[in-house]
Amino acid sequence: MLRTKDLLDLESCTSAELLSILDTGTAFRRVMDRPIPKVPVLRGRTIANLFFENSTRTRISFELAEKRLNADVVNFSASGSSLAKGETLKDTVDNILAMKVDLIVIRHGQSGAPHYLAERIPAGVVNAGDGMHEHPTQGLLDMMTMRQKLGSLDGKRVTIVGDISHSRVARSNIWGLTKLGAQVTVCGPPPLIPMEIEAMGCTVETNLEKAVRDADCINVLRIQLERQENNLFPGNREYARAYRVEDKVIAECRSHCFVMHPGPMNRDVEISSSVADGDRQVILDQVSNGVAVRMAVLYLLSGGAPESLGDTIA
Ligand code: CP
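See the structure below:
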């Protein structure tokens, strides 16, 4: 059970809530390996997925999670909707809720859009990524993947490499990982690292080799070409020369250190194809875990109790 009707960010989650979601996600991950990977715990519930921004992984992952819990699912895309006729976000959502929808999953380009909705509607809201603010279920699936590889995250060293300034994935990782005791280092060109970032509990290292030397895990972020409003770095080639995670970088890391990427990747910009396809990466494990952790979030927000799950999925 979570304290609120919504999952808007990891900043406001307690460590107990994070562990509850991750443990429940681990139980659902086992269900996914069964011949029939479904548990009918949300039968009779209806969930609307509202995507106002492009998505491949998150959108499909939420829909699969909902269907594997036997919820009824409706999908909404901004393109082709009546938003183009001037309807507001709140009016759009009120109309969808009038059709008896229980839970809203929303991705939006504006930071704070899920919070705005959550304060104004009785239904639960799940943030599927808002602007440059947070992407809480990505943070959770990343932590679930790290726990599979490392066990407890307490004291583990995680280095996040890339465009920290524009990254909602970085923010959710930093909040979630530090609450569970991990030591987080962020690394990237100085213009792509926000001034206030150390106040979140992480350290900054702008030299890639130093940043990854003692890491247990490297989480490589996408260079967000669409958000580089002020030419914050000279270009892809210059970025890659200093910050691409490639074989010679990995060769200097600890032998158990593994590489993650939330996708979509800019191959051979922030990560070399040899690393992206190599034996140190767990990128598709992250995607699989995303379905399980989203099943956990939807189950817990719908009033499900972790302790009663054992009987349900036994
Ligand atoms: N990681 C992630 O959010 O990917 P999508 O944009 O494809 O959903």
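When you line the sequence shown up against my numbering, it's residues -12 to 301, in that order.
All C-beta atoms in this analysis are idealised placements derived from N, C-alpha and C, irrespective of residue type, glycine included.
Item to check | Contact check, L127 vs V284, beta carbons under 9 Å | outcome: Taking the first residue of the sequence shown as position 1, residue 127 is located at position 140. Taking the first residue of the sequence shown as position 1, residue 284 is located at position 297. Taking C-beta atoms as the reference points, L127 and V284 count as a pair closer than 9 Å.
Checklist entry - Does the beta carbon of N194 fall short of 8 Å from some heavy atom of the ligand CP? => result As a position in the sequence shown, residue 194 is number 207, starting the count at 1. N194: no, Cβ never under 8 Å from the ligand CP.
Next on the checklist: Do R144 and A105 have their beta-carbon atoms positioned less than 9 Å apart in this structure?
Outcome noted: The count along the sequence shown starts at 1 and reaches residue 105 at position 118. The count along the sequence shown starts at 1 and reaches residue 144 at position 157. Not a contact, by the Cβ cut-off of 9 Å.
Checklist entry - What number of angstroms, rounded off, separates the C-alpha of I91 from the C-alpha of E239? => result Start at 1 with the first residue of the sequence shown, and residue 91 comes out as number 104. Start at 1 with the first residue of the sequence shown, and residue 239 comes out as number 252. Each residue's alpha carbon lies about 45 Å from the other.
Checklist entry - Using the C-alpha atoms, what's the distance from Q268 back to V246? => result On the sequence shown, position 259 is the one that residue 246 refers to. On the sequence shown, position 281 is the one that residue 268 refers to. Rounded to whole angstroms, V246 to Q268 spans 5 Å at the Cα level.
Checklist entry - With 16 as the cutoff for other CB atoms within 10 Å, does L212 come out buried or exposed? => result Numbered from its first residue, the sequence shown carries residue 212 at position 225. With fewer than 16 other Cβ atoms within 10 Å, it is exposed.
Item to check | For L37, three-class secondary structure by DSSP | outcome: Residue 37 sits at position 50 when you count from the first residue of the sequence shown. In the structure shown, L37 sits in a strand (DSSP, three-state: E or B).
Checklist entry - Which partner residues does E121 have in the DSSP bridge list? => result The residue given as residue 121 occupies position 134 in the sequence shown. For E121, which the question treats as bridged, DSSP gives the partners D117.
Checklist entry - Would the beta-carbon of A202 fall within 9 Å of that of T165? => result Position 215 of the sequence shown, counted from the first residue, corresponds to residue 202. Position 178 of the sequence shown, counted from the first residue, corresponds to residue 165. No, Cβ-Cβ distance for A202 and T165 is not below 9 Å.
Next on the checklist: Looking at the ligand CP, does it come within less than 8 Å of F42, judged from the CB to the closest heavy atom?
Outcome noted: Within the sequence shown, numbered from 1, the residue matching residue 42 stands at position 55. One detail in the question is off: residue 42 reads as Ser in this sequence, not Phe. It does: the Cβ of S42 is within 8 Å (strictly closer) of some heavy atom of the ligand CP.
Item to check | Cutoff 6 Å; reference D(-4); Cβ partners in own chain excluding five residues on either side | outcome: Here the question's residue -4 lines up with position 9 in the sequence shown. Hits under 6 Å: E121 and P123.
Item to check | Separation of I205 from L137, as counted between CA atoms | outcome: For the purposes of this step, residue 137 is taken as the residue at position 150 of the sequence shown. For the purposes of this step, residue 205 is taken as the residue at position 218 of the sequence shown. When rounded, the distance between both Cα atoms is 13 Å.
Checklist entry - Whole alpha helix (DSSP H) runs in the stretch 194 to 269 with 4 or more residues, listed along the chain? => result 195 to 199, 223 to 230, 234 to 237 and 260 to 263
Item to check | Straight-line gap, I83 to V280 (C-alpha atoms, nearest Å) | outcome: Within the sequence shown, residue 83 is the residue found at index 96, counting from 1. Within the sequence shown, residue 280 is the residue found at index 293, counting from 1. Whole-angstrom Cα-Cα distance: 25 Å.
Next on the checklist: For G96 and P178, what's the separation of their Cα atoms in angstroms?
Outcome noted: For the purposes of this step, residue 96 is taken as residue 109 along the sequence shown, with counting starting at 1. For the purposes of this step, residue 178 is taken as residue 191 along the sequence shown, with counting starting at 1. Looking at the two C-alpha atoms, the distance is approximately 22 Å.
Checklist entry - Beta carbon of R209, beta carbon of H248: below 9 Å? => result Locating residue 209 in the sequence shown gives position 222, where the first residue counts as 1. Locating residue 248 in the sequence shown gives position 261, where the first residue counts as 1. Taking 9 Å as the Cβ cut-off, R209 and H248 qualify as a contacting pair.
Next on the checklist: For A100, which residues in the same chain have their Cβ closer than 8 Å to its Cβ, ignoring the five residues on either side in sequence?
Outcome noted: Taking the first residue of the sequence shown as position 1, residue 100 is located at position 113. Within the same chain, Cβ atoms closer than 8 Å to the Cβ of A100 are found at F39, L76, I93, D117 and G118, the five residues on either side in sequence being excluded.
Checklist entry - Within the present structure, is the beta-carbon of G297 separated from the nearest heavy atom of the ligand CP by less than 8 Å? => result The residue labelled residue 297 in the question sits at position 310 within the sequence shown. G297 Cβ: outside cutoff for every heavy atom of the ligand CP.
Item to check | Nonlocal neighbours in the same chain, by C-beta distance under 6 Å from R16, ignoring five residues either side | outcome: Counting from one through the sequence shown, the residue named residue 16 turns up at place 29. Same-chain partners within the cutoff: A279.
Checklist entry - Beta-carbon of D(-4) versus every beta-carbon of chain B: anything under 9 Å? => result The displayed structure is made up of one protein chain only, and chain B is not part of it.
Next on the checklist: Can you tell me where the beta strand (DSSP E) holding S69 begins and where it ends?
Outcome noted: In the sequence shown, counting from the first residue as 1, residue 69 sits at position 82. From DSSP, S69 is part of no beta strand (DSSP E); its letter is neither H nor E.
Item to check | the ligand CP heavy atom lying under 8 Å from the CB of T45 | outcome: Position 58 of the sequence shown holds residue 45. Correct: T45 has its Cβ closer than 8 Å to the ligand CP.
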